[in-house]
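*Asks:* Residue numbers (this note's numbering): 40 to 278.
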């Protein structure tokens, strides 16, 4: 168990699948923030087995740790990233998410306040439809929808390991699975109110209302105990 002042390092772990365009902007942004933080930091990009872009060369240029995952599936990437570091704090973030400029301090403050894990509220980049604004407003609170990967997840590494981390065999909704484990084990959890900025690309390509409905169906199935494979089949059929 950590005391309130034992945190000396943080690892930012980013799973990717053909995300060179997004990461060419995100990585310099993260480096500019972490270089001035009070604790040591590293950024780890875990690329999917089937990625076909030039992400490795971008990471090399930025002096970022690059890992090519041996399997397809984000759960494998997240697990591999978590295993690749000994940092006190793990922060898992999507390649198309921009954390707030205060994210390191926000995480430290949250953990030093007694929490052992948390995520960020968010707003959408270029969010015009009212549904997206409603969606992002709810991310300030712990609700039925809390735990999605867009919110990111920060967690004390010892706690992450005690929970077993992300389940590699969980081929879908692995982020909600870990959040469920956090809540089931009464791990103190918080939502940071300084908002991250997330992409609305899946809404643009599939329609705003349709995505909201499908997400609701998937979460209903998840909490009813549907298997990850069954949930993935539903997702592919509907989107």
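Ideal placement from N, C-alpha and C gives every residue a C-beta, glycine not left out.
(1) Drop a sphere of 10 angstroms on the beta-carbon of residue 248, count the other beta-carbons inside from all chains shown, and report buried for 16 or more, exposed for fewer.
(2) Take residue 108 as the anchor and find which of 203, 221, 222, 54 has the nearest alpha-carbon.
(3) Looking only at its chain, what residues have a beta carbon closer than 6 Å to the beta carbon of residue 218, apart from the 5 residues adjacent to it on each side?
(4) Is residue 208 helix, strand or coil by DSSP?
(5) Could you compute how far the alpha carbon of residue 83 sits from the alpha carbon of residue 136?
(6) Could you check whether the region 121-137 touches the region 47-63, counting it as contact only if at least three pairs of C-beta atoms, one from each stretch, sit closer than 8 Å?
(7) Given that a residue counts as buried once 16 or more other Cβ atoms are within 10 Å of its Cβ, and exposed if not, what is residue 215?
(8) Just to check my reading of the structure: residue 238 and residue 164 have Cβ atoms closer than 8 Å, yes? What is that Cβ distance to the nearest angstrom?
(9) Can you tell me which of the three DSSP states residue 152 falls into?
(10) Could you please give me the residues that DSSP links to residue 91 through a beta bridge?
(11) Quick one, which of 263, 254, 259, 264 has its alpha-carbon nearest residue 275's?
(12) Between residue 278 and residue 169, what straight-line distance do the alpha-carbon atoms span, to the nearest angstrom?
(13) Count the C-beta pairs between the region 64-79 and the region 138-145 that are closer than 8 Å, then say yes if the count reaches three, no if not.
(14) Below 6 Å CB to CB, which residues in the same chain sit around residue 242 once its five sequence neighbours on both sides are set aside?
(15) Kindly indicate which residue of 224, 98, 116, 122 has the alpha-carbon position closest to the one of residue 210.
(16) Candidates 58, 176, 110, 76: which alpha carbon is nearest residue 235's?
(17) What are the start and end residues of the alpha helix (DSSP H) that includes residue 261?
(18) Indicate the three-state DSSP secondary structure (helix, strand or coil) for residue 59 in the structure shown.
(19) Which residue comes first and which comes last in the alpha helix (DSSP H) that contains residue 215?
(20) In the DSSP assignment, find the alpha helix (DSSP H) that holds residue 196 and state where it starts and stops.
(21) Would you grab the beta carbon distance between residue 61 and residue 149 for me? Rounded to a whole angstrom, and I think it's under 8 Å.
*Replies:* In short, the structure shows the following:
(1) Along the chain shown, read from residue 1 onward, the residue named residue 248 stands at position 209. Around the Cβ of residue 248, a 10 Å sphere holds fewer than 16 other Cβ atoms; the residue is exposed.
(2) Taking the first residue of the chain shown as 1, we reach residue 108 at position 69. Distances from the CA of residue 108 to each of 203, 221, 222, 54 were compared; the closest alpha carbon is that of 54.
(3) Taking the first residue of the chain shown as position 1, residue 218 is located at position 179. Hits under 6 Å: 186.
(4) Position 169 of the chain shown holds residue 208. DSSP places residue 208 in coil when its eight states are reduced to three.
(5) As a first step, residue 83 is located in the chain shown; it is residue number 44 there, counting from the start. As a first step, residue 136 is located in the chain shown; it is residue number 97 there, counting from the start. Going by the C-alpha atoms only, they are around 15 Å apart.
(6) Below 8 Å, enough C-beta pairs join the region 121-137 and the region 47-63 to call them touching: three or more.
(7) Taking the first residue of the chain shown as 1, we reach residue 215 at position 176. Around the beta carbon of residue 215, a 10 Å sphere encloses 16 or more other beta carbons of the protein chains shown; the residue is thus reported as buried.
(8) Walking along the chain shown from the start, residue 238 turns up at place 199. Walking along the chain shown from the start, residue 164 turns up at place 125. Yes, they are in contact, since the Cβ atoms of residue 238 and residue 164 sit about 6 Å apart, within 8 Å.
(9) The residue you call residue 152 lines up with position 113 of the chain shown. DSSP, reduced to helix, strand and coil, places residue 152 outside both helices and strands of the structure shown, so it counts as coil.
(10) The sequence position of residue 91 within the chain shown is 52, counting from 1. Residue 91 is not bridged to any residue.
(11) What you label residue 275 is simply residue 236 of the chain shown in a count that begins at 1. Checked all of 263, 254, 259, 264; the closest Cα to residue 275 is 254.
(12) Mapped onto the chain shown, residue 278 falls at position 239. Mapped onto the chain shown, residue 169 falls at position 130. Straight through space, the alpha carbons of residue 169 and residue 278 are spaced by roughly 21 Å.
(13) Contact annotation: the region 64-79 touches the region 138-145, with at least three C-beta pairs closer than 8 Å.
(14) Looking up residue 242 in the chain shown gives position 203. Its chain contains 250 as the residues whose beta carbon lies nearer than 6 Å to that of residue 242, once the 5 sequence neighbours on both sides are disregarded; these appear in chain order.
(15) What you label residue 210 is simply residue 171 of the chain shown in a count that begins at 1. Of the candidates 224, 98, 116, 122, the one whose C-alpha sits nearest the C-alpha of residue 210 is 116.
(16) Residue mapping note: residue 235 aligns to position 196 of the chain shown, counting from 1. Ranked by how close their Cα comes to the Cα of residue 235, the residues 58, 176, 110, 76 have 176 in first place.
(17) Here residue 261 corresponds to residue number 222 of the chain shown, with the count starting at 1. Under the DSSP assignment, residue 261 falls in the alpha helix (DSSP H) whose first and last residues are 247-262.
(18) Position 20 of the chain shown, counting from 1, holds the residue named residue 59. Helix.
(19) Within the chain shown, numbered from 1, the residue matching residue 215 stands at position 176. 213-223 is the span of the alpha helix (DSSP H), which, as asked, contains residue 215.
(20) Along the chain shown, one-based indexing puts residue 196 at 157. Counting along the chain, the unbroken alpha helix (DSSP H) around residue 196 starts and ends at 196-201.
(21) Numbered from its first residue, the chain shown carries residue 61 at position 22. Numbered from its first residue, the chain shown carries residue 149 at position 110. That belief does not hold up - the Cβ atoms of residue 61 and residue 149 are roughly 25 Å apart, past 8 Å.
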